[in-house]
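Scroll down for the structure; my scribbles are underneath it.
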Amino acid sequence: RLVAAHAWDVIGAMRAGCAAAFVARPGMVIDPLAGPPDVVGADLSAVAASIIAAEA
């Protein structure tokens, strides 16, 4: 799984078949044409909590 705050990293991981999580920092967005990542959170703690909850 890739966790990143840069949309191009998340999109690349998804296109390569990896699970991807996006840290949605202010001003950073995912291109709507790329499709949604598996997890989106406002900060690293929120992303980590979502990943842990999904795998429990």
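Mapping the sequence shown onto UniProt numbering, position 45 (from 1) lands on 45, and the numbers just tick up by one.
Just so it is clear, CB atoms sit at the ideal spot from N, CA and C, and this is done for glycine as well.
No experiment lies behind these values; they were computed from the predicted model shown.
One alpha carbon belongs to residue 32, the other to residue 55, and they sit about 26 Å apart. A residue is called buried once 16 or more other Cβ atoms fall within 10 Å of its Cβ, and residue 37 is buried on that count. Spatial neighbours of residue 5 in its own chain (CB-CB distance under 7 Å, excluding positions within 5 residues in sequence) are listed in chain order as 23, 25 and 28. Rounded to whole angstroms, the separation of the alpha carbons of residue 47 and residue 10 is 13 Å. When rounded, the separation of the alpha-carbon atoms in residue 1 and residue 35 is 16 Å.
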